[in-house]
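Chains as they are written, first to last, in my numbering: chain A, 15 to 172; chain B, 15 to 172. We put the beta carbon where it would ideally sit given N, CA and C, even for glycine. As the structure is a computational prediction, the values presented were derived from the model and not from experiment.
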DNA sequence: TGAAACCTGAGTAAAATACTCAGGAATAGA
DNA sequence: TCTATTCCTGAGTATTTTACTCAGGTTTCA
């Protein structure tokens, strides 16, 4: 019952995109620098986000990423599912349980999964980036940056 | 973002206790048989549940387990936390984030964690065992059992 | 006393996670 | 057309977590 770093990075990266990509394309290197995430790992992650249709990309020099749809139309559920490929709260199914011969908690997990999904789906990217704390952080990141590489983050561990 | 089998087993076992332990102590062997869970694994799991104060045990012959408090006072959150030791939806903290120098999504995860906890805490064991499907299953398990070992489950994989 | 049950610590195979790496393909601008 | 920039892809790998097993101990009832 925990979130993987993959899921966390995905949300962080999407917030970064939403905050900084008002007009321009954003490069992975910029996000990697600002959020202190390995570039290679981000590339792998953005593959998933792109396959899920959450972001668009432009190749080549001056290329980069942007949101594929409006901030209001992207939910936490969208991002986490894209990143992890599942929000798996079910009983697992497989050999020990199926619809014909369900386990004791089968319908319980099915219902919970549904409720949890609706909970995460109600949290939109637009809500997330509107919080005061996030706005403050984003501004700091812009101010202390030289080009795309922020100074104050360089002391953190990669 | 998924539930481990440990968490699933914990909930299943607690439901089993709630359904069958109206008066008597229930042995681990009985639960292991009915729910098709390895006895050794259950023992390890029940250690956690007992340390968390969710169940009481009586040693020796005729011993067994029972709920430590009323079904209404045990929530899904209680069980999952006891089993997994965390419902970890936070940003992880550690070297890349702390309260003094929080990451972009720090407060986001803190808030989400809280909301998710409240969601799970609102689901009480008494609600879970009241569902029609669970009642039906539990009755079948009693009827088809010889002693404590159910027949219709024996074909499943352990 | 001995069987039935809980109790404990330690170990281990398999799976998942969190990355890295090497190189290819598209595009902008010189 | 060349070169730098950027996305794109497949494959590999160390570490951590999960899901379990095992060997033996302790408590209690009859």
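Counting Cβ pairs closer than 8 Å, one from the region 83–94 of chain A and one from the region 138–147 of chain A, do we hit at least three?
yes
| task | Using DSSP bridges, identify the partner residues of residue 70 of chain A. | result | Indexing the first chain from 1 puts residue 70 of chain A at position 56. Note: residue 70 of chain A sits in a beta bridge opposite A:80.
Of all the CB atoms in chain B, is at least one closer than 8 Å to the CB of residue 133 of chain A? As a first step, residue 133 of chain A must be located in the first chain, where it is residue number 119. Chain B, which has a Cβ nearer than 8 Å to the Cβ of residue 133 of chain A, makes this yes.
Buried or exposed: residue 27 of chain A, going by 16 or more other Cβ atoms within 10 Å of its Cβ? The residue you call residue 27 of chain A lines up with position 13 of the first chain. With 16 or more other Cβ atoms within 10 Å, it is buried.
Spatial neighbours of residue 67 of chain A in its chain, beta-carbon cut-off 7 Å, leaving aside the 5 residues before and after | One-based indexing of the first chain puts residue 67 of chain A at position 53. Closer than 7 Å at the Cβ level, and outside the excluded window around residue 67 of chain A, lie 82.
Taking 8 Å as the CB-CB cut-off, is residue 121 of chain A touching chain B? Locating residue 121 of chain A in the first chain gives position 107, counting from the first residue. Yes, because at least one Cβ of chain B sits closer than 8 Å to the Cβ of residue 121 of chain A.
Nearest candidate by alpha-carbon position, reference residue 76 of chain B, set B:120, B:42, B:49: Within the second chain, numbered from 1, the residue matching residue 76 of chain B stands at position 62. Taking only the C-alpha atoms, the option nearest residue 76 of chain B is B:42.
Task: 9 Å Cβ cut-off: residues of chain B touching residue 145 of chain A - done: As a position in the first chain, residue 145 of chain A is number 131, starting the count at 1. Chain B residues near residue 145 of chain A: 121, 122, 125.
* Asked: Rounded to a whole number of angstroms, what is the C-alpha to C-alpha distance between residue 151 of chain A and residue 31 of chain B?
  -> Along the first chain, one-based indexing puts residue 151 of chain A at 137. Along the second chain, one-based indexing puts residue 31 of chain B at 17. Distance between the alpha carbons of residue 151 of chain A and residue 31 of chain B: 49 Å.
### Three-state secondary structure (DSSP) of residue 89 of chain B
Here residue 89 of chain B refers to the residue found at position 75 when the second chain is read from its first residue. If DSSP states are grouped into helix, strand and coil, residue 89 of chain B belongs with the strands.
State the beta-bridge partners of residue 40 of chain B as determined by DSSP.
-> Taking the second chain and counting its residues from 1, one reaches residue 40 of chain B at position 26. Beta-bridge pairing links residue 40 of chain B to B:79.
I want to know whether the region 121–132 of chain B touches the region 45–53 of chain B - three or more CB-CB distances under 8 Å. no
- Item | Alpha-carbon spacing of residue 44 of chain A relative to residue 138 of chain B, whole angstroms | On the first chain, position 30 is the one that residue 44 of chain A refers to. On the second chain, position 124 is the one that residue 138 of chain B refers to. Taking the straight line from one Cα to the other gives about 46 Å.
Beta-carbon proximity list for residue 64 of chain A, same chain, < 7 Å, skipping 5 on both sides | If you number the first chain from 1, residue 64 of chain A lands on position 50. Hits under 7 Å: 71.
> Any idea if residue 54 of chain A is buried or exposed, counting beta-carbon neighbours within 10 angstroms, 16 or more meaning buried?
Replying inline: Along the first chain, one-based indexing puts residue 54 of chain A at 40. It is exposed - the Cβ of residue 54 of chain A has fewer than 16 other Cβ atoms within 10 Å.
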